[in-house]
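Q: Residue numbers (my numbering), protein chains in the order written: chain L, -17 to 475; chain E, 29 to 515.
This is the structure we're talking about:
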């Protein structure tokens, strides 16, 4: 049973993608069904993991290093569940934009298989323990993501997609080189086996290459230039997947490399560099978001900033810090932050898509008076904003609290100040659209009506982001399952 | 000891709020019943809990979020002082708001956030740990913002932006202060905060300052008060709630918690942080009054008067002598009752007679006698004329100043009373002895929904002063709380 539970989240979307090409007419229904089916399976798997601990399976009965190993620990299963939640809602939300075009248009035909391939790549990245498999997963993910950016066919979007491709290919090459180096030195690609060998310089070089590749794919400063145009240029449901889900795959792999594969190689300098780049991303991304005049660009730059927070986990919990009492909090906070961002950012992009449809463009001025015209979508936007700003009660707040506490407890105040400053800057760029929604003077007279049920979809995701903050004890404990190294005790008595 | 009651008392505001959001605009009857029903149940619960607390029974509820992070709701005497005030005034303001807003647009949104705002205030009062306090403090900011911008015009949106521009950095300072403290001591539970001495004196002083800065924004301490007069752009019931219970009181309440339940009187005195805060409060008292004197609009004058009056509470808390504590705590209630009366009346003048400026008040006393009597009671209380409640607060504060060896406090109080008289008496003179100009618009009081709350709160301000010696007066309750804090 567990074999099926682990392999189906990978296999089902792949299969559905093939079918969606064959039966284009039923593609939308097929994709939505797959979304909910995988969500159900992921939740089931999570319950199994909670009951049994980490579950490892060898596909076809071949153990590593010969066969392929899938492993669901708290981290992997957690990401699996949250991304399936986002995916299921986004696929439903995509239906009005992409279904009515049927098989006549390229966008309507291509969207569903691409989204499903992306889904498969994502799930593989969360569950796989094999560097080559992870590479394949990343490729699948990135290529379908690039295609989704260009799917509208507009010149801007195609340019953005091309730029994305250049960065992504560079990232892939670096990652592949690193994996090859590791294989040459130790004759295995399995993370579990690699973590047991005595790491020498080839491993250090391999990790350096892979880290750089993954940093590019996660859009870490200064490799972030591709992200805003790509995420803002894609159609809203695609933006939601790209911003919320895609960078998380490479981040999870980074976590596995530095906390699982070779934590002993994480020198203080390296950790400080990763954290420092993250901190710069937080400030830089937020400042750029403040300067934007289009809603989708604001949200996209916000992603650059929010991804920066994730990298604070390296100085706060990495290396020698992993044995410290505060590391459990910081390590878990990174996942919490990722979850909250996945839910809130997807919600925000979906809401932005609805605003765009109602107004006809996504310049900020168009938002005037929308609080009255589209109350539910605006409420969803507001709730997501609360989580992104790290205000209580939300998943974003729990993450921020845990990161702040570990920053202070470990005496690394600087990171704490970055967190606080990032929250305030987020308030500046997020309350700008919110303020406009509440000023009805000069509002557009005619809006294209948007059905109520479509407005409820982003609200569901936003509520999930908030509820993550209210019920964080369970997820916190869940994320400790199979946590590499270090004592699992809490931060403070 | 049960976990049900604290949750229930929070739910009396929270549940109506969540339901109201989904009601259609037309369903004003259902909205009214949900609000009034919640408020009525809440008042019953408060009365029951008062008996429990007086008998020494504690109620608390706990929700774990992450290791070291949990929500703790706990009922103590100080909680009830604040909750009872908010429950009573919520009921009054709801009645008033239903009449005031009539059938305007976006009412489900308005009443939803209105109840959420009260829920946040209740949670703040119930908070048993610093982080719980912070969470509700922040929720209060977020739920009042849609109320401030409710009118959706340029002025209210600007006011909303200013409110956030002050509040959010304030909250950031507060969060840093709390986490700095907790990263050394573990979660701080009120009244049993653990040993703060693990931190150096300098750190403790810095944390105290950051904390005071954070809550000082809400308490409108000089120079952090700039948002409050602008927030007058909100509808009258919102101003009433903001000035009497919700926002400014949350700030003052935070200061009381900080000094008495986190640092404790002994440590505050040892660090010498009480006196600077008292001096700042004293300055704010005078500054607010001086600015009030310069205003020509009724609501603006009342707003600056709030800046001044709320600092009495901070002053009392910071002096930390027995009488001063009582004076500060009781003013938390008294100022709420009197100020809400004044705002109710200002709203009535505006709605029923079109009066917004002070020079339009001439002769209104004859045309709107009940409103004007209520306004007069509130104003006399603010000045500190017996037997209205304000006198009791000022008397105790003055005694407290002498007792704490700070005789200048009496001077500040006297000067402030003079200034208060300086800006309230001309208004009263115009109301009762002025002659209405011939082209003054028609005025009447035919709005029972707005008048009854004003009369009720005015009567309560009078009763709180007249029967201050009774066993169930705010004064008696404040003395009970103070007795618990003092060595």
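Glycine residues also receive a C-beta, built at the ideal position from the N, C-alpha and C atoms.
(1) Can you list, in chain order, the residues of the stretch 33 to 60 of chain E whose Cβ is nearer than 7 Å to any Cβ on chain L?
(2) Determine the closest residue to residue 273 of chain L out of L/407, L/171 and L/27, with distance taken between C-alpha atoms.
(3) Taking residue 70 of chain L as the reference, give the member of L/108, L/100 and L/379 with the closest Cα.
(4) Please work out which residues of its chain come closer than 7 Å, Cβ to Cβ, to residue 116 of chain L, disregarding the five sequence neighbours upstream and downstream, and give them in chain order.
(5) Just the Cα atoms here: how many angstroms apart are residue 470 of chain L and residue 173 of chain L?
(6) Measure from the C-beta of residue 469 of chain L to each C-beta in chain E and report whether the shortest distance is under 8 Å.
(7) Does any residue of chain E bring its CB to less than 8 Å from the CB of residue 337 of chain L?
(8) In chain L, what lies closer than 7 Å to residue 177 of chain E by C-beta?
(9) Is the CB-CB distance between residue 153 of chain E and residue 184 of chain E below 8 Å?
(10) Among L/63, L/75, L/306 and L/-6, which has the Cα closest to the Cα of residue 549 of chain L?
(11) Taking CB distances under 8 Å as the criterion, tell me whether residue 297 of chain L reaches chain E.
(12) Which ranges does the beta strand (DSSP E) cover as unbroken runs of at least 3 residues, wholly within the stretch 340 to 378 of chain L, from first to last along the chain?
(13) Is there a Cβ of chain L sitting closer than 8 Å to that of residue 83 of chain E, yes or no?
(14) Under 6 Å Cβ to Cβ from residue 378 of chain E, same chain only, skipping five residues before and after it: list those, please.
(15) Closer than 7 Å by C-beta to residue -4 of chain L: which residues in its own chain qualify, once you throw out the five before and the five after it? Chain order, please.
(16) Note down, in chain order, each residue of its chain lying with its Cβ closer than 6 Å to the Cβ of residue 260 of chain L, except the 5 sequence neighbours on either side.
(17) Between which two residues does the beta strand (DSSP E) containing residue 87 of chain E stretch?
(18) Which residues, in order along the stretch 361 to 376 of chain L, keep a beta-carbon less than 7 Å from a beta-carbon of chain E?
(19) Determine the chain A residues that contact residue 347 of chain L at a beta-carbon separation under 9 Å, and present them in chain order.
(20) Just the Cα atoms here: how many angstroms apart are residue 441 of chain E and residue 338 of chain E?
(21) Can you list the residues of chain E that residue 109 of chain L reaches, using a CB-CB cut of under 7 Å?
(22) In chain E, which residues lie less than 8 Å from residue 36 of chain L when you measure between Cβ atoms?
(23) Classify residue 435 of chain E as buried or exposed, calling it buried when 16 or more other Cβ atoms lie within 10 Å of its own Cβ.
(24) Can you list, in chain order, the residues of the stretch 88 to 99 of chain E whose Cβ is nearer than 9 Å to any Cβ on chain L?
(25) Less than 6 Å between C-beta atoms, sequence neighbours within five positions excluded: which residues of the same chain meet that for residue 409 of chain L?
(26) Determine, for residue 402 of chain L, whether the minimum Cβ-Cβ distance to residues of chain E falls below 8 Å.
(27) Helix, strand or coil: which one does DSSP assign to residue 98 of chain L?
(28) Does residue 423 of chain L get closer than 8 Å to chain E when you measure Cβ to Cβ?
(29) What does the alpha-carbon distance come out to for the pair residue 84 of chain L and residue 8 of chain L?
(30) Of all the beta strand (DSSP E) runs that stay within the bounds of the stretch 65 to 138 of chain E, which reach a length of 3 or more residues?
(31) Along the stretch 248 to 275 of chain E, what residues have a CB closer than 8 Å to any CB found in chain L?
(32) Using 8 Å as the Cβ pair cut-off and three pairs as the minimum, do the stretch 196 to 211 of chain E and the stretch 370 to 387 of chain L touch?
(33) By Cβ distance, which residues of its chain are closer than 6 Å to residue 289 of chain E, with the 5 residues on each side in sequence left out?
(34) For chain E, check one thing: does any of its Cβ atoms lie closer than 8 Å to the Cβ of residue 417 of chain L?
(35) Assuming residue 198 of chain L is part of the beta strand (DSSP E), what are its boundary residues?
(36) Count the other C-beta atoms from every protein chain shown that fall within 10 angstroms of the C-beta of residue -8 of chain L, then say buried if there are 16 or more, exposed otherwise.
A: So, from the data block:
(1) none
(2) One-based indexing of the first chain puts residue 273 of chain L at position 291. Here the closest residue by C-alpha is L/407.
(3) Against the first chain, residue 70 of chain L aligns to sequence position 88. Out of L/108, L/100 and L/379, L/100 has the C-alpha closest to the C-alpha of residue 70 of chain L.
(4) On the first chain, residue 116 of chain L is found 134 positions in, with the first residue counted as 1. 107, 110 and 235.
(5) By 1-based counting over the first chain, the position of residue 470 of chain L is 488. By 1-based counting over the first chain, the position of residue 173 of chain L is 191. Unreliable placement is indicated for residue 470 of chain L, whose pLDDT of 41 sits below 50; the coordinate value is still reported in the next sentence. Cα-Cα distance, rounded: 21 Å.
(6) One-based indexing of the first chain puts residue 469 of chain L at position 487. Here residue 469 of chain L scores only 43 on pLDDT, less than 50, and its place in the model is too uncertain to base an answer on.
(7) Here residue 337 of chain L refers to the residue found at position 355 when the first chain is read from its first residue. No, because no Cβ of chain E sits closer than 8 Å to the Cβ of residue 337 of chain L.
(8) The residue given as residue 177 of chain E occupies position 149 in the second chain. Correct list: 420.
(9) Numbered from 1 along the second chain, position 125 holds the residue referred to as residue 153 of chain E. Numbered from 1 along the second chain, position 156 holds the residue referred to as residue 184 of chain E. No, they are not a contact pair.
(10) The question about residue 549 of chain L has no answer here: the residues shown for chain L are numbered -17 through 475.
(11) Position 315 of the first chain holds residue 297 of chain L. Residue 297 of chain L does not count as touching chain E.
(12) none
(13) As a first step, residue 83 of chain E is located in the second chain; it is residue number 55 there, counting from the start. False, the Cβ-Cβ gap to chain L never drops below 8 Å.
(14) Indexing the second chain from 1 puts residue 378 of chain E at position 350. Answer for residue 378 of chain E: 384, listed in chain order.
(15) Reading the first chain from its first residue, position 14 is the one you call residue -4 of chain L. Here the set comprises 102.
(16) Position 278 of the first chain, counted from the first residue, corresponds to residue 260 of chain L. Once the five neighbours on either side are set aside, the close Cβ partners of residue 260 of chain L are 290, 293 and 294.
(17) Here the question's residue 87 of chain E lines up with position 59 in the second chain. Segment 87 to 94, the beta strand (DSSP E) holding residue 87 of chain E.
(18) 368, 373, 374 and 375
(19) Among the protein chains in the structure shown, which are L and E, there is no chain A.
(20) What you label residue 441 of chain E is simply residue 413 of the second chain in a count that begins at 1. What you label residue 338 of chain E is simply residue 310 of the second chain in a count that begins at 1. The straight-line gap from Cα to Cα measures roughly 13 Å.
(21) One-based indexing of the first chain puts residue 109 of chain L at position 127. Near residue 109 of chain L there are no residues of chain E at all, since even the closest Cβ is about 25 Å away, more than 7 Å.
(22) By one-based count along the first chain, residue 36 of chain L stands at place 54. By Cβ distance, chain E contributes nothing, its closest Cβ being about 21 Å from residue 36 of chain L, past 8 Å.
(23) Walking along the second chain from the start, residue 435 of chain E turns up at place 407. Counting Cβ neighbours within 10 Å, residue 435 of chain E comes out exposed, since fewer than 16 surround it.
(24) 91, 92, 93, 94, 95, 96, 97, 98 and 99
(25) In the first chain, residue 409 of chain L corresponds to position 427, counting from 1. If we look at residue 409 of chain L and ignore the five residues flanking it on each side, its Cβ neighbours are 371.
(26) Position 420 of the first chain holds residue 402 of chain L. Chain E contact via Cβ: present.
(27) By 1-based counting over the first chain, the position of residue 98 of chain L is 116. Of the three classes helix, strand and coil, the one that applies to residue 98 of chain L here is helix, per DSSP.
(28) Looking up residue 423 of chain L in the first chain gives position 441. Residue 423 of chain L counts as touching chain E.
(29) In the first chain, counting from the first residue as 1, residue 84 of chain L sits at position 102. In the first chain, counting from the first residue as 1, residue 8 of chain L sits at position 26. Here residue 84 of chain L scores only 49 on pLDDT, less than 50, and its place in the model is too uncertain to base an answer on.
(30) The stretch 65 to 138 of chain E contains these whole beta strand (DSSP E) runs: 87 to 94 and 97 to 103.
(31) none
(32) yes
(33) The residue you call residue 289 of chain E lines up with position 261 of the second chain. Closer than 6 Å at Cβ, skipping near neighbours: 218 and 219.
(34) For the purposes of this step, residue 417 of chain L is taken as residue 435 along the first chain, with counting starting at 1. Taking Cβ atoms only, chain E reaches closer than 8 Å to residue 417 of chain L, which makes this a yes.
(35) Walking along the first chain from the start, residue 198 of chain L turns up at place 216. First-last for residue 198 of chain L: 183 to 199, but that is the alpha helix (DSSP H), not the beta strand (DSSP E).
(36) On the first chain, position 10 is the one that residue -8 of chain L refers to. Around the CB of residue -8 of chain L, 16 or more other CB atoms lie within 10 Å, so the residue is classed as buried.
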